[in-house]
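Only one structure is covered here, and it is reproduced in the block below.
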Amino acid sequence: MYESWGLALSSYCTALDAQDSCIFVAVGKEMDFTYIRGGIFPEFSAVGQLDGEQGGYYDSTIRTVILKADWVKKSKDTEHWKMMTQRIFEDQQLVMERLGNIMNELKEMSFCAGVHTVQWVYRCELDDDGSKRGYMQCGYDGEDFLSLDLNSLSWIAPVPQALITKHKWEETGHVLFQKHFLLNECIGWLQKYVEYGRSTLERKVPPEVSLFQKDSSFPVVCHATGFFPKAVMISWQKNGEELNEDVELRETVPNQDGTFQKRSILTLSPEELKNNKYTCVVQHEGFKKKLQVSDRRVLSDDESVGIIVGAAMAILLLVTMACAGVFIWKKKTTSGG
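For the working numbering, add 59 to where a residue sits in the sequence shown, where the first one is 1.
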């Protein structure tokens, strides 16, 4: 199944000079339109990615889609990118208007004092058998605010603050607009971009796997890096049996070259390590490797610093991607991410 994760938006409202003022910022890990009113940033920007690889960029200053990835440039579909430039410009106006309306409604109910966040998530999915699904969710201050039910053509409002927006959108036909977008336009873009980037989507790069520990008093780290696609499984065994206790599985994060890395951390005492056999198992797209903890590498001080810096750079890259906004069309797999 191919899957697209759509629009994710955040809005911040703050009080300035004794007057309520809202700053809208669209952020997220998928198709995000970054919008900041005022300051040194563009009012609106959008970045497109295909499975972690940036495909294009747009902002309200340049007002055109700039193609980034080779697979996009080779598409030679100039009419499509002209259309996308116009569509993103129209969405810019729509996003600003809708976010402004939501924040004004919340302000009237005294919910806009201080700093708040609104996040939107759009997603459409296409199965190999042609089945289509679409989702939209809106969150406020990290809590569910509105979610779209395409079956009943209604908005689900789990909190009273969302009822005004729910009724307005249902009365104006907003639900029908979103259904058409998710199940038609979004799916169409998904099919087009998957075809453009098929070689990127279907490439397989196995991970490099290592086991290390700073010293006997520190946890053991099983680290997989340099792999593509993103889905990977890291598990632990104790004397041949699956082990889930005292295990911390970190998020999969991007490397600068478009591949990914992931780590799993096992906490155990020197006595446990001495009396038992521990194994890290890494599985990725037909690749499987087992490493014995007894063969782990004990890091020197210089190596420890290098590992920490490398992890910090990966996390910084992930945060930068989230703040810039990303449009990701990705191939869904059944293995863990």
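From the three backbone atoms N, C-alpha and C, an ideal C-beta is built for every residue, glycine too. Keep in mind the model is a prediction, meaning the values are calculated, not measured.
Distance CB(residue i)-CB(residue j) smaller than 8 Å
i: Thr318; j: Phe287; result: yes
i: Pro278; j: Phe346; result: no
i: Val352; j: Ala283; result: no
i: Gly256; j: Glu267; result: no
i: Lys146; j: Ser269; result: This sequence places Arg at residue 146; Lys is not what is there. Cβ atoms of Arg146 and Ser269: not closer than 8 Å.
i: Phe148; j: Arg182; result: no
i: Leu242; j: Lys191; result: yes
i: Asn335; j: Lys289; result: no
i: Asp305; j: Leu332; result: no
Alpha-carbon to alpha-carbon, residue j and residue i
i: Ala221; j: Gln196; result: 12 Å
i: Ser275; j: Ile324; result: 14 Å
i: Asp188; j: Glu307; result: 37 Å
i: Phe271; j: Phe204; result: 43 Å
i: Lys349; j: Thr259; result: 28 Å
i: Glu229; j: Gly107; result: 30 Å
i: Asp118; j: Lys321; result: 32 Å
i: Lys141; j: Lys135; result: 12 Å
i: Glu244; j: Tyr252; result: 12 Å
i: Leu209; j: Gly193; result: 7 Å
i: Leu212; j: Glu202; result: 22 Å
i: Asn303; j: Asn314; result: 27 Å
i: Glu261; j: Lys238; result: 29 Å
i: Glu254; j: Gln152; result: 30 Å
i: Trp64; j: Pro329; result: At Trp64, the pLDDT of 33 sits below 50, so the modelled position is not reliable and the matter cannot be decided from this model.
i: Gly247; j: Glu300; result: 46 Å
i: Glu310; j: Ser294; result: 14 Å
i: His139; j: Phe240; result: 17 Å
i: Phe92; j: Asp129; result: Interpretation of Phe92 is limited by its pLDDT of 33, a score under 50 that renders its predicted location unreliable; the figure taken from the coordinates is listed afterwards. Spanning the two alpha carbons is a distance of roughly 22 Å.
i: Asp316; j: Lys263; result: 14 Å
i: Lys227; j: Lys273; result: 58 Å
i: Glu156; j: Val218; result: 22 Å
i: Gly159; j: Asp150; result: 14 Å
i: Ala216; j: Thr137; result: 41 Å
i: Asp354; j: Trp214; result: 55 Å
i: Asp79; j: Val312; result: Legend: pLDDT at Asp79 = 33, less than 50; position of this residue unreliable, value from coordinates given subsequently. Asp79 and Val312: Cα-Cα distance of roughly 37 Å.
i: Asn163; j: Tyr199; result: 14 Å
i: Thr231; j: Ala105; result: 27 Å
Limits of the unbroken alpha helix (DSSP H) element including residue i
i: Asp129; result: 129–132
Cβ-Cβ separation, residue j to residue i (assumed contact under 8 Å), whole Å
i: Thr224; j: Ile161; result: 6 Å
i: Lys127; j: Gly115; result: 6 Å
i: His343; j: Val291; result: 5 Å
i: Gln250; j: Leu185; result: 7 Å
i: Val131; j: Met143; result: Actually they do not touch by this definition, with Cβ atoms about 11 Å apart.
Range covered by the beta strand (DSSP E) that runs through residue i
i: Asp136; result: Premise fails: Asp136 is in no beta strand (DSSP E) and is neither H nor E.
i: Lys273; result: Careful: Lys273 lies outside any beta strand (DSSP E) and carries neither H nor E.
i: Gly201; result: Per DSSP, Gly201 belongs to no beta strand (DSSP E) and is neither H nor E.
i: Ile215; result: 213–215
beta-carbon residue i near the ligand MG non-hydrogen atom, thresh 7 Å
i: Ala290; result: With respect to small molecules bound, the structure shown includes none, and the ligand MG cannot be examined in it.
>> For a minimum of 4 consecutive residues, which ranges assigned as the alpha helix (DSSP H) are wholly contained in the segment 284–352?
In response: 329–334
>> So within the segment 231–270, which uninterrupted alpha helix (DSSP H) runs reach at least 4 residues, ignoring any that extend past its ends?
In response: 233–239, 245–255, 257–261
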